[in-house]
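Letter 38 of the sequence shown, counting from 1, is numbered 78 in the working numbering, and no numbers are missing.
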Amino acid sequence: MDKIPKIDRQREHQANERTFLAWLRTSISLIGFGFAIARFGIFLQQLNIAITQQETPVNPLSNSENLGVALVVFGILAVALAAWRYNQVFWQIERADYKPNRIIVWIMTGVVIVLGLFSIPLLLRRDKVLPRSPFPTQPQSRRFAPNSKFKIQNSKFKINYPHS
Numbered sequence: 041m042d043k044i045p046k047i048d049r050q051r052e053h054q055a056n057e058r059t060f061l062a063w064l065r066t067s068i069s070l071i072g073f074g075f076a077i078a079r080f081g082i083f084l085q086q087l088n089i090a091i092t093q094q095e096t097p098v099n100p101l102s103n104s105e106n107l108g109v110a111l112v113v114f115g116i117l118a119v120a121l122a123a124w125r126y127n128q129v130f131w132q133i134e135r136a137d138y139k140p141n142r143i144i145v146w147i148m149t150g151v152v153i154v155l156g157l158f159s160i161p162l163l164l165r166r167d168k169v170l171p172r173s174p175f176p177t178q179p180q181s182r183r184f185a186p187n188s189k190f191k192i193q194n195s196k197f198k199i200n201y202p203h204s
């Protein structure tokens, strides 16, 4: 166990911790981006419904919610993998038999490529835009219906009481 001088072992452990913290930051970023992508997709759907008064069909496979959930799940798995790898390297440093493992790099690269490929249909999808009327329309207010007892007169509210 004392094959490596104490200062060198300390440096290696610090490098291992920095690597773990880099993985942790990456995982937090993946989780944050996944959450933002999923919620922004929901926001855009609600905005589209509010503007067009119609619900547009959503592809059940390639939509922003699925991509966001996949990023969150991948971020959680990356944290678990980083902790496992940190512990593995810690004991390899202590035993002075560190062996680099490139399989984790290839797994992470493959998952990021797959998630990137899944995002391409989202970027290329174009929804049909309905032709607009040449005449501007005024949105109907839901608060003051024509038969309401509230009327707007001269920029002031006037309450019409029913006659008894």
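Glycine included, C-beta positions come from ideal geometry on N, C-alpha and C.
Does residue i come within less than 9 Å of chain D when only Cβ atoms are used?
i: valine 119; result: This model lacks chain D altogether, as it is built from one protein chain only.
Can you find the residues in the same chain that come closer than 6 Å, C-beta to C-beta, to residue i, ignoring five residues on each side of it along the sequence?
i: serine 67; result: Gly115, Ala118, Val119
i: glutamate 105; result: Ala78, Gly81
i: glutamate 95; result: Ile89
For the alpha helix (DSSP H) containing residue i, name the first residue and the last one.
i: arginine 165; result: Taken as a continuous stretch (DSSP letters only), arginine 165 belongs to no alpha helix (DSSP H), as it is neither H nor E.
i: valine 98; result: From DSSP, valine 98 is part of no alpha helix (DSSP H); its letter is neither H nor E.
i: tyrosine 126; result: 104-135
i: arginine 58; result: 46-92
By Cβ distance below 7 Å, which residues in the same chain neighbour residue i in space, the five residues on each side in sequence not counted?
i: serine 195; result: With a pLDDT of 49 at serine 195, under the threshold of 50, the modelled position of that residue is not reliable, and no figure is offered here.
i: lysine 5; result: Since the first and last residues shown for the chain are 41 and 204, residue 5 lies out of range.
i: valine 151; result: Phe114
Taking the alpha-carbon positions, what's the residue i to residue j distance?
i: isoleucine 71; j: valine 113; result: 8 Å
i: arginine 135; j: alanine 76; result: 43 Å
i: leucine 61; j: arginine 165; result: 37 Å
i: proline 97; j: alanine 110; result: 21 Å
i: serine 159; j: arginine 65; result: 22 Å
i: arginine 49; j: glycine 74; result: 37 Å
i: lysine 46; j: glycine 156; result: 43 Å
i: arginine 58; j: leucine 87; result: 43 Å
i: glutamine 85; j: tryptophan 146; result: 36 Å
i: phenylalanine 83; j: leucine 163; result: 17 Å
i: valine 141; j: methionine 148; result: The sequence given here has asparagine at residue 141, not valine. C-alpha separation (whole angstroms): 13 Å.
i: leucine 107; j: glutamine 128; result: 31 Å
For residue i, I'd like the list of residues in its chain whose CB is within less than 8 Å of its CB, leaving aside the five on either flank, ordered along the chain.
i: isoleucine 144; result: Leu121, Arg125
i: alanine 123; result: Phe60
i: phenylalanine 13; result: Absent from the model: residue 13. The displayed extent of the chain is 41 to 204, so no value can be given.
i: serine 69; result: Gly115
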